[in-house]
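Worksheet: one structure, shown below.
2 protein chains.
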Amino acid sequence: MGGERGEASVERVLLAHGGGGRKSAQLISGVMLAAFDNPALSELADGGVVELGGVRIAVSTDSHIVSPIFFPGGDIGSLAVWGTVNDLAMCGATTGALAFAVIAAEGFPMDDLRRVVRSAGAAAERAGFAVITGDTKVVPAGEADGLFVTTTGVGPLAEGVDLRPARVRPGDAVLLSGPVGEHGVAVLSEREGLSFTADVSSDSAPLSRLVEDVLAACSDVHAMRDPTRGGVAAVLNEIAARAGVSVEIDEAAVPISDAVSGACELLGLDPLALPSEGRCLVFLPEADAGAALAAMRGNELGGGAVRIGSVTAGAAGMVSAATPVGGRRIVDMPPGELLPRIC
Amino acid sequence: MGGERGEASVERVLLAHGGGGRKSAQLISGVMLAAFDNPALSELADGGVVELGGVRIAVSTDSHIVSPIFFPGGDIGSLAVWGTVNDLAMCGATTGALAFAVIAAEGFPMDDLRRVVRSAGAAAERAGFAVITGDTKVVPAGEADGLFVTTTGVGPLAEGVDLRPARVRPGDAVLLSGPVGEHGVAVLSEREGLSFTADVSSDSAPLSRLVEDVLAACSDVHAMRDPTRGGVAAVLNEIAARAGVSVEIDEAAVPISDAVSGACELLGLDPLALPSEGRCLVFLPEADAGAALAAMRGNELGGGAVRIGSVTAGAAGMVSAATPVGGRRIVDMPPGELLPRIC
Numbered sequence: 013m014g015g016e017r018g019e020a021s022v023e024r025v026l027l028a029h030g031g032g033g034r035k036s037a038q039l040i041s042g043v044m045l046a047a048f049d050n051p052a053l054s055e056l057a058d059g060g061v062v063e064l065g066g067v068r069i070a071v072s073t074d075s076h077i078v079s080p081i082f083f084p085g086g087d088i089g090s091l092a093v094w095g096t097v098n099d100l101a102m103c104g105a106t107t108g109a110l111a112f113a114v115i116a117a118e119g120f121p122m123d124d125l126r127r128v129v130r131s132a133g134a135a136a137e138r139a140g141f142a143v144i145t146g147d148t149k150v151v152p153a154g155e156a157d158g159l160f161v162t163t164t165g166v167g168p169l170a171e172g173v174d175l176r177p178a179r180v181r182p183g184d185a186v187l188l189s190g191p192v193g194e195h196g197v198a199v200l201s202e203r204e205g206l207s208f209t210a211d212v213s214s215d216s217a218p219l220s221r222l223v224e225d226v227l228a229a230c231s232d233v234h235a236m237r238d239p240t241r242g243g244v245a246a247v248l249n250e251i252a253a254r255a256g257v258s259v260e261i262d263e264a265a266v267p268i269s270d271a272v273s274g275a276c277e278l279l280g281l282d283p284l285a286l287p288s289e290g291r292c293l294v295f296l297p298e299a300d301a302g303a304a305l306a307a308m309r310g311n312e313l314g315g316g317a318v319r320i321g322s323v324t325a326g327a328a329g330m331v332s333a334a335t336p337v338g339g340r341r342i343v344d345m346p347p348g349e350l351l352p353r354i355c
Numbered sequence: 013m014g015g016e017r018g019e020a021s022v023e024r025v026l027l028a029h030g031g032g033g034r035k036s037a038q039l040i041s042g043v044m045l046a047a048f049d050n051p052a053l054s055e056l057a058d059g060g061v062v063e064l065g066g067v068r069i070a071v072s073t074d075s076h077i078v079s080p081i082f083f084p085g086g087d088i089g090s091l092a093v094w095g096t097v098n099d100l101a102m103c104g105a106t107t108g109a110l111a112f113a114v115i116a117a118e119g120f121p122m123d124d125l126r127r128v129v130r131s132a133g134a135a136a137e138r139a140g141f142a143v144i145t146g147d148t149k150v151v152p153a154g155e156a157d158g159l160f161v162t163t164t165g166v167g168p169l170a171e172g173v174d175l176r177p178a179r180v181r182p183g184d185a186v187l188l189s190g191p192v193g194e195h196g197v198a199v200l201s202e203r204e205g206l207s208f209t210a211d212v213s214s215d216s217a218p219l220s221r222l223v224e225d226v227l228a229a230c231s232d233v234h235a236m237r238d239p240t241r242g243g244v245a246a247v248l249n250e251i252a253a254r255a256g257v258s259v260e261i262d263e264a265a266v267p268i269s270d271a272v273s274g275a276c277e278l279l280g281l282d283p284l285a286l287p288s289e290g291r292c293l294v295f296l297p298e299a300d301a302g303a304a305l306a307a308m309r310g311n312e313l314g315g316g317a318v319r320i321g322s323v324t325a326g327a328a329g330m331v332s333a334a335t336p337v338g339g340r341r342i343v344d345m346p347p348g349e350l351l352p353r354i355c
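First to last, the sequence lines map onto chains A and B. For the first sequence, the numbering used here gives the first residue as 13, with consecutive numbering after it. For the second sequence, the numbering used here gives the first residue as 13, with consecutive numbering after it.
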């Protein structure tokens, strides 16, 4: 590793830079966009779109560092596969193929690797994606912890599908496919050995079919996002900033299970900042909201779909919530250091 | 981490499983193919090919864990970009786009990250690839060492291009684009602080234009591979096994610089097993060998291109070398544990 070390004045990477909140956004705009700037990347969507041989292809990549790697409702294998399948779906690509790259620590139990890879294979099959290429690297003991999995997905976009944060407009409805935060609480609970959340399972699931159902029912969906790192709060702030709009939600309308709500109260977590791995937010014209909700509710993963708010022409980048007690509060971009290794 | 721990009888991941040699091959066939089996993956090429929207798209992914991250002739940023660009090129895809996923340890110097990302950006630009999507994760201090970069490339295949290990046939010539092992010696030298190899720089470079030149000159190239982890020895063994052929090379014909040769003698390394990051092996019918060599030599990265051997109908999977003293030796698949974190 080059550069100076051990000096207080040296700027360093912080956990918050990977948390999906404000620091992540600063890192992306200050370091990544500065070096890689191009129109596809600067959309800041869940994936990039490139035209290859005349076909628009969505590409999305995610490194998964979740700890522990096995948790209620999933493991790093299924999470890595569905996480990337969902990011593609958020771009409007519901079919395609996957690349699966593993970094394992020397000494990692081979049976655990087999279990993770089998789980990833089953997850890919359920989503209808083939894993067509991969890579395996091993790092000497002590230089990495356990297992990291990077999945990348590629999928073609149907004609007319154009889902991008920048397309969100004042007057759009904001829909949510189901209760939030179960993934975050499930992983945290497993890691910390919390007993009061023992019944919470990760919501990790592939959203491709649900997205197909919405796109089939509504011809003019503007954007979709899955509220992973940073949760609903991060997604709404990113959308508001990118599209130059305000978003107003009704906090009481955001579905949260009793177990997640209880965990948030006890642990001092904001449910709006908790990650989900099988939910999505949909932004589309008011007139299509009913049809989209019906389409989501008709899917096994969207039974709890609700409308949570609206896009307005207020201050660009502002997200606010009507509180259950009749007030209104600003929903800030989460700072991002609260939940390391959650996905 | 689940599973049993601390017992001598538990099978564990070894450094050799990531070395690109025999153990890597066992892991891929025993664990990965068992879970992900499909025609594209089982080709065991440098990437997979999938048809999306009627266009054949090559996809390749590689996690980079090289240590140190800065070395003579490159760094983890340029290496990650060109490594994936080259894997795509080995599938016959010489244009396309990249995804760039970073896992950083908490505390990693921000200036080093900037330097790596800038280098990756410049490398992508030189190769003509845009970085259209990415991801950044941060692992708490002590749970990862430095920086890991996973790059994935996608690129369209021109009609008629079909490069696969299984297409190699008895009678094919085996060509090599230049001297081998410089990347391996450069990284090892930097890591261990070796003075007698101070003048060796990594050969890391993008091979897309060289591949275009070969494909333009020869219409029936059967396969290409870049000799990275496990070097020329691993590639030849994989090709021989996959195509069910023998490969016979002339050891003296394999170009090796004096510095690399000297380092190999002093350190007891086999130059045929040393990784390169800017060289390729080409397998094509005897009749086209001259044209392919001329095309390679006309490219700035192929000035040292030579023919090193032939494919024969001998024992399937057998690789042998005529030695400089007039004998013939078996070139085994390297065991793979010698050079951890070399790419």
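Note that the Cβ used here is the ideal one computed from N, Cα and C, for glycine as well.
Among residues of its own chain, excluding the 5 on either side of residue i, which ones have a beta-carbon nearer than 8 Å to its beta-carbon?
i, result
"residue 139/B", "93, 94, 97, 218, 220"
"residue 40/A", "56"
"residue 42/A", "none"
"residue 53/B", "44, 45, 60"
Would you tell me roughly how many angstroms separate the C-alpha atoms of residue i and residue j, rounded to the nearest one?
i, j, result
"residue 120/A", "residue 286/B", "26 Å"
"residue 105/B", "residue 211/A", "49 Å"
"residue 255/B", "residue 178/B", "4 Å"
"residue 102/A", "residue 279/B", "52 Å"
"residue 270/B", "residue 283/B", "11 Å"
"residue 69/B", "residue 169/B", "6 Å"
"residue 88/A", "residue 343/B", "38 Å"
"residue 238/A", "residue 314/A", "13 Å"
"residue 25/A", "residue 114/B", "12 Å"
"residue 327/A", "residue 164/B", "38 Å"
"residue 275/A", "residue 198/A", "10 Å"
"residue 51/B", "residue 264/A", "50 Å"
"residue 298/A", "residue 184/A", "5 Å"
"residue 141/B", "residue 131/B", "14 Å"
"residue 257/A", "residue 250/B", "55 Å"
Whose C-alpha, out of the options, is nearest the C-alpha of residue i?
i, options, result
"residue 224/A", "262/A, 107/A, 65/A, 188/A", "107/A"
"residue 347/A", "248/A, 242/A, 306/A", "242/A"
"residue 174/B", "330/B, 352/B, 59/B, 321/B", "59/B"
"residue 205/A", "79/A, 56/A, 71/A", "79/A"
"residue 228/B", "305/B, 136/B, 24/B", "305/B"
"residue 311/B", "253/B, 164/B, 226/B, 146/B", "226/B"
"residue 134/A", "244/B, 44/B, 250/B", "44/B"
"residue 192/B", "291/B, 64/B, 42/B, 27/B", "291/B"
"residue 128/B", "185/B, 48/B, 29/B, 161/B", "161/B"
"residue 117/A", "157/B, 85/B, 125/B", "157/B"
"residue 77/B", "172/A, 152/A, 131/A", "152/A"
"residue 277/A", "208/A, 149/A, 328/A, 257/A", "208/A"
"residue 303/A", "201/A, 187/A, 27/A, 141/A", "187/A"
"residue 353/B", "67/B, 62/B, 74/B, 63/B", "74/B"
Tell me which residue opens and which closes the alpha helix (DSSP H) that residue i is part of.
i, result
"residue 221/B", "220-229"
"residue 262/A", "Taken as a continuous stretch (DSSP letters only), residue 262/A belongs to no alpha helix (DSSP H), being part of the beta strand (DSSP E) at 258-262."
"residue 42/A", "Run containing residue 42/A: none; DSSP gives neither H nor E here."
Between which two residues does the beta strand (DSSP E) harbouring residue i extend?
i, result
"residue 73/B", "67-76"
"residue 139/A", "Where residue 139/A is concerned, there is no enclosing beta strand (DSSP E), although the alpha helix (DSSP H) it sits in stretches over 122-139."
"residue 320/B", "318-324"
"residue 266/A", "No beta strand (DSSP E) contains residue 266/A, which DSSP labels as neither H nor E."
"residue 25/A", "That residue, residue 25/A, is in no beta strand (DSSP E); it is neither H nor E in DSSP."
In chain order, what residues of the same chain lie with their CB nearer than 6 Å to the CB of residue i, ignoring the 5 residues before and after it?
i, result
"residue 266/A", "320"
"residue 317/B", "189, 305, 308, 309"
"residue 341/A", "333, 335"
"residue 248/A", "259, 331"
"residue 236/B", "102, 175, 292, 294"
"residue 147/B", "113"
Give every residue of the same chain whose Cβ lies closer than 7 Å to the Cβ of residue i, excluding the five residues on either side of it in the sequence, and list them in chain order.
i, result
"residue 21/B", "none"
"residue 203/A", "79, 80"
"residue 289/B", "91, 94, 95, 195, 214, 215, 216, 240, 355"
Anything in chain D within Cβ reach of residue i, meaning under 8 Å, just list it in chain order.
i, result
"residue 173/A", "The question asks about chain D, but that chain is absent: this structure's protein chains are A and B."
When you check each C-beta in the segment 75-89 of chain B against every C-beta of chain A, which residues fall closer than 9 Å? Identification of residues in the segment 75-89 of chain B having a C-beta nearer than 9 Å to some C-beta of chain A yields 75, 76, 77, 79, 80, 81, 82, 87, 89, given in sequence order.
By the 9 Å beta-carbon criterion, what residues does the segment 270-288 of chain B contribute toward chain A? Cβ contacts with chain A: none found.
Contact set between the segment 89-108 of chain B and chain A, restricted to residues whose Cβ is under 7 Å from the partner: Contact annotation: in the segment 89-108 of chain B, residues whose CB is within less than 7 Å of a CB in chain A are 108.
Give me the subset of the segment 233-256 of chain B whose CB atoms are less than 8 Å from a CB atom of chain A, sorted by chain position. So the list is empty, because no residue satisfies the distance condition.
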